[in-house]
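Colleague: Residue numbers for the sequence shown follow the working numbering, beginning at 1 and rising by one.
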Amino acid sequence: MADAVNHNPNIIPTNFAIYPNPTQNQFTVSGITENSSITITDMMGKVIYQTTSTANQAQINATSWAKGMYVVQVKGTQSSTTLKVIKQ
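Right under this line is the structure:
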């Protein structure tokens, strides 16, 4: 259940993925570029987690998060993509 929304119509983010999704404790955001900004918010818009990637993927620890859906926004140098992840 990863929905990608590309804010630049010239770039198609077919390589962006979140797995496992749904997740219980930890998930991976892949297909990103180094120095991408990753911001995760709950459905009310509250920022839950924020980081800058150091590789082409990022491991996110969601152990302490409440069950529910979260929005993962990835901003790179050429695109901005929004994905959703479910914490079980």
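From the three backbone atoms N, C-alpha and C, an ideal C-beta is built for every residue, glycine too.
Thinking just about the alpha-carbon of each residue, which of W65, T54, M44 is nearest to the one in Q26?
Modeller: Considering only alpha carbons, the answer is W65.
Colleague: In whole angstroms, give me the CA-to-CA distance for N15 and T52.
Modeller: Answer to the nearest angstrom: the Cα atoms are 18 Å apart.
Colleague: Which same chain residues end up closer than 7 Å to T39 when comparing Cβ atoms and leaving out the 5 residues on each side of it in sequence?
Modeller: Within the same chain, T39 has close Cβ partners V47, Q50, Q73.
Colleague: Counting C-beta neighbours from all protein chains within 10 Å, is the total for K67 16 or more, i.e. buried, or is it exposed?
Modeller: Exposed: under 16 other Cβ atoms inside 10 Å.
Colleague: I'd like to confirm the pairing. Which residues does DSSP put opposite A58 in its beta bridges?
Modeller: Answer is V29.
Colleague: Which residues does DSSP list as the beta-bridge partners of A66?
Modeller: None; A66 has no bridge partner.
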